[in-house]
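The opening residue of the sequence shown carries number 793 in our numbering; numbering runs sequentially from there. Using N, Cα and C, we set each Cβ at its ideal position, and we do this for glycine too. Values in this document were obtained by computation on a predicted structure and should not be read as measured data. For reference, the structure is listed below as structure tokens.
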Amino acid sequence: MSLVGLVLVCLAWGLAAGVLLAARGLARRWRQGRPVRVDWVAGLAAVPRRYLVDVHHVVERRPEAARMHVPTAGGLLAGSVALMLAVLPALRGSRVYWAVVAVLFAAALWGAILVRRRRRPVVPSFLSAGMFLWLPAALGAYAGGALLLALGMLAVPGGGASPLLLAPLLLAVGGAGGLLVQFARGPMRHAFAGTVWLAAHARPGRFGGGRDTALRPLDLDAPRLGALAPSDFAWTALASFDACIQCGRCEQACPAFAAGQRLNPKALIQDLVAATRGGSAAEPYSGSPAPNAPPVACRGSMDAPVIGVDAMIHPDTLWACTTCRACVEECPMMIEHVDAIVDLRRGQALMLGQVRPGAAQALRRMRDSAEPGGRPLAARADGLAALDVPVLPEGGETDILLWLGEGAFDLRYGRTLQALVRLMRLAGLRFAILGEAETDCGDLARRLGDEATFHLLAGEAIATLKARTFQRIVTADPHALHVLRNEYPALGGHWTVQHHTALLDELVTGGALRLAPRDLPPVAYHDPCYLGRYNGEIAAPRRLLDAACGTRVEMERHGMRSMCCGGGGGNPISDVDGAARIPDLRMAQADAAGAAIVAVGCPGCTAMLEGVPAPRPEVRDIAELVLDAVVTA
């Protein structure tokens, strides 16, 4: 082999060795987290599909990012691996082989140019600067030098050394060194961390088009509950934090960030990374901070508290989250931001008893009276009193159990429930409610991190449900739907649970209800987070609206990428300051779409959106619109 060829091969193998050393340092840090059992055989076997299909499905939502990512990642990885294979005599003597190497590094060089364009001449607000600014130079030097050297191997028979190849040789060596720094301390560490995270993902059910959104139950007998310090997180979660490439998609999707509340999910993840590195990351965070968040000491370590003014993350940041999972839905690295936030909330609530005053009051009422507002449980069905809905007693039997939810205490939402009951009766369904036996399902307590109160409420509700016989539960509350359907099974409660829009769609499709579209002004549907992103149900409500209304329009953010109304995660009772109100932003999007009516399917969304001052679109539940369109003759 010629000197040039030898240097090329050594360069590729040296780069691989450097990456492994950097990876070893990352792994040593992650091992300080909580141990988790991982099926490495299945996980590693799944990485190619998870990366090429699931990750790229998210990346491709932004075509310009996909055009940048494919040549950069593909060319860099494939070109380096191809160079390493030059140890095989049959390859290094082949002109076809060197032509392939040249093509791969040409792709990587083009990718480096696109990476540079992404942040030049001005770095977009949602992207980070810092080491990202000289990453294109390192990529370009390595890829460009390797390209010229590969072309030299093609041009000179046998790859003889030439003084003309000295410059590209130095270029390639310098670029490789820059990439090693990026792997060890900069943004390129996400390549290794992301691979580990994809193999050992905490929610493997998310891949292949699946959905896994239920919070995992805590062992309340454990000596330490939730996360106070980085070492309290599972080691796989620590790997996921390092997998963040700081693309800013979570920041752009976050309703709290848009409203100027004190949360930026990207900054939160980077603060957690900094905490694992001793309080100040080797690569200082250079993106947008959490809006209006008070300063903190930016001190931390693997075993030091991460929340507090003398730590890394201000408490206001923690309580601003609506748990809407918009950040999770947009993350190309499939990071679970909401899981991390809830783990931190659990640490604050269960270990320190530190929650916001409004949340503390609601939690106390839930423990005392099984209802966050402290209202009499018998009053939950007052809005249905005139309809004489049967109450299912202990030992009783019916076809459908109608779970009213916490919103039933509100008279406005009572109109929704009245419409639903009338529709169910028109369809000839046999159903009943629990009456005062219906306690709070515990959703709010769990999102606020009080797992103990959630277990208390869930245990009582499960016992109540098990004492009665029914075929399915129907609810108009997506938060109750999610808890009953996805989180009660881990505690022994297994039932078929259906949202009221799914039931109504079933009745209309099956002919039990006939609709005639009304001549209404444009109607836009607001997807509730806990129905859409959490449960994947976005089609049935739209079919109903198409059958009941004349004109339906879509807001810019809709479906799985809809914007939150601001009512989830205990946000309304956590007294978080902001520059604007999330529901105001959402209704502005409805205005921009030309909607005169916003259709909803959640009591929380109804309350939040109707709280927007006039003039604004009218807010109506889908059940109300369907009832207006029913043909009774």
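Could you have a look at residue i and say whether DSSP puts it in helix, strand or coil?
{"i": "L1012", "result": "coil"}
{"i": "C1039", "result": "coil"}
{"i": "T1208", "result": "helix"}
{"i": "R1412", "result": "strand"}
{"i": "T1424", "result": "coil"}
{"i": "W1111", "result": "helix"}
{"i": "L1507", "result": "The structure shown has nothing for residue 1507, since the chain only spans 793 to 1425."}
{"i": "V1266", "result": "strand"}
{"i": "A1489", "result": "Here the chain has residues from 793 to 1425 only, and residue 1489 is not among them."}
{"i": "R816", "result": "helix"}
{"i": "R909", "result": "helix"}
{"i": "E1402", "result": "helix"}
{"i": "R841", "result": "helix"}
{"i": "R1159", "result": "helix"}
{"i": "E856", "result": "helix"}
{"i": "V948", "result": "coil"}
{"i": "R826", "result": "strand"}
{"i": "A1391", "result": "strand"}
{"i": "V851", "result": "helix"}
{"i": "V1181", "result": "coil"}
With distances taken Cα to Cα, identify the nearest neighbour of residue i among the options.
{"i": "R1426", "options": "A1253, L1299, H1106", "result": "In the structure as shown, the chain begins at 793 and stops at 1425. Residue 1426 is therefore absent and cannot be evaluated."}
{"i": "G903", "options": "L925, I1265, L931, F918", "result": "L931"}
{"i": "L963", "options": "A938, G1145, A942", "result": "A938"}
{"i": "C1123", "options": "F1262, L990, R1373", "result": "L990"}
{"i": "L844", "options": "A865, G1092, E1043", "result": "A865"}
{"i": "V1088", "options": "A1096, S1078, A1082, M1104", "result": "M1104"}
{"i": "A1151", "options": "L1240, L925, L1142, W1287", "result": "L1240"}
{"i": "A1045", "options": "G1070, A1031, H1129", "result": "H1129"}
{"i": "L740", "options": "W832, F1246, M1094, P1086", "result": "Residue 740 is absent from the model: the chain starts at 793 and stops at 1425."}
{"i": "V1147", "options": "T1109, I1127, M1347", "result": "T1109"}
{"i": "Y889", "options": "L1337, C1090, A942, V914", "result": "A942"}
{"i": "N1084", "options": "D1135, V1345, G1284, V1368", "result": "V1368"}
{"i": "I1037", "options": "G1092, F975, S1161", "result": "F975"}
{"i": "I1099", "options": "D1131, A1421, E1121, G1139", "result": "G1139"}
{"i": "L919", "options": "V973, R981, D1024, G1079", "result": "G1079"}
{"i": "Y1322", "options": "A1162, M1355, P916", "result": "M1355"}
{"i": "I1265", "options": "A1255, V1289, G1370", "result": "V1289"}
{"i": "E1279", "options": "G1234, A1308, E1298, R1260", "result": "G1234"}
{"i": "E1230", "options": "L1215, A1211, H1274, S1161", "result": "S1161"}
{"i": "V830", "options": "W1027, Y1077, H1350, R1167", "result": "W1027"}
{"i": "M1352", "options": "R853, R820, L906, W805", "result": "R853"}
Indicate whether at least one CB of chain B lies closer than 9 Å to the CB of residue i.
{"i": "Q1038", "result": "No chain B is present in this structure, which holds just one protein chain."}
Report back the beta-carbon spacing between residue i and residue j to the nearest angstrom; my notes put them in contact at under 8 Å.
{"i": "G936", "j": "L901", "result": "5 Å"}
{"i": "I1414", "j": "P1313", "result": "About 16 Å; that fails the 8 Å criterion."}
{"i": "R887", "j": "F999", "result": "Actually they are not in contact, since the Cβ atoms of R887 and F999 sit about 41 Å apart, beyond 8 Å."}
{"i": "G970", "j": "A933", "result": "7 Å"}
{"i": "V1055", "j": "P1022", "result": "According to the sequence shown, residue 1055 is Leu rather than Val. So it is not a contact: roughly 19 Å between Cβ atoms."}
{"i": "R1016", "j": "D1004", "result": "About 25 Å separates the two Cβ atoms, so there is no contact after all."}
{"i": "G1358", "j": "P1375", "result": "5 Å"}
{"i": "A1081", "j": "A1051", "result": "In the sequence on display, residue 1081 carries Pro and not Ala. About 15 Å separates the two Cβ atoms, so there is no contact after all."}
{"i": "A838", "j": "F984", "result": "At roughly 17 Å, the Cβ-Cβ gap does not stay under 8 Å, so A838 and F984 are not in contact."}
{"i": "W822", "j": "A1019", "result": "15 Å between Cβ atoms; not a contact."}
{"i": "E1416", "j": "R1207", "result": "7 Å"}
{"i": "A1305", "j": "A1219", "result": "In the sequence under discussion, the amino acid at residue 1305 is Leu, which differs from the Ala named in the question. Between A1219 and L1305 the Cβ distance is about 5 Å, and since that is below 8 Å, they are a contact."}
At which residue ranges does the stretch 1219–1253 contain complete alpha helix (DSSP H) runs of 4 or more residues, listed in the order of the chain?
List check, alpha helix (DSSP H) in window: 1235–1239.
Taking 8 Å as the threshold, find out whether the stretch 1357–1364 comes into contact with the stretch 1113–1126 through three or more Cβ pairs.
They touch, by the three-pair rule.
Any chance the stretch 1182–1201 sits against the stretch 1215–1232, with 3 or more Cβ pairs inside 8 Å?
Cβ pair count under 8 Å is three or more, so yes.
Which runs of the beta strand (DSSP E) spanning at least 3 residues fall entirely within the stretch 1276–1300, listed in chain order?
With a minimum length of 3 residues, the continuous beta strand (DSSP E) runs that stay inside the stretch 1276–1300 are 1289–1291.
Whole runs of the alpha helix (DSSP H) within the stretch 1062–1149, excluding any shorter than 4 residues
Whole alpha helix (DSSP H) segments, 4+ residues: 1107–1111, 1118–1122, 1129–1138.
Just list the alpha helix (DSSP H) runs in the stretch 1294–1352, keeping only unbroken ones of 4 residues or longer that don't cross its boundaries, in chain order.
For the stretch 1294–1352, whole alpha helix (DSSP H) runs of length 4 or above, ordered along the chain, are 1331–1340.
Whole alpha helix (DSSP H) runs in the stretch 961–1016 with 4 or more residues, listed along the chain?
Those alpha helix (DSSP H) runs which fall completely within the stretch 961–1016 and span 4+ residues are 981–991.
Write down every uninterrupted run of the alpha helix (DSSP H) in the stretch 894–944 whose length is 4 residues or greater and which is fully enclosed by it, in chain order.
Note on the stretch 894–944: there is no whole alpha helix (DSSP H) run with a minimum of 4 residues.
Taking 8 Å as the cut-off, does the stretch 1173–1180 touch the stretch 1241–1256 (at least 3 CB pairs, one atom from each stretch)?
No: the two stretches stay apart, fewer than three of their Cβ pairs being nearer than 8 Å.
Decide yes or no for the touch test of the stretch 1384–1399 against the stretch 1313–1328: beta carbon pairs closer than 8 Å, at least 3 of them.
Yes: the two stretches touch, three or more of their Cβ pairs being nearer than 8 Å.
Can at least three beta-carbon pairs, one atom from the stretch 798–818 and one from the stretch 872–887, be found at a separation below 8 Å?
The answer is yes - the stretch 872–887 touches the stretch 798–818, with three or more Cβ pairs under 8 Å.
Counting pairs of Cβ atoms below 8 Å between the stretch 1285–1297 and the stretch 1400–1407, do you hit three or more?
By the Cβ rule, the stretch 1285–1297 does not count as touching the stretch 1400–1407, because fewer than three pairs are nearer than 8 Å.
State whether the stretch 1270–1285 contacts the stretch 1389–1398, with contact taken as three or more CB pairs (one from each stretch) at a distance under 8 Å.
Yes: at least three Cβ pairs fall under 8 Å.
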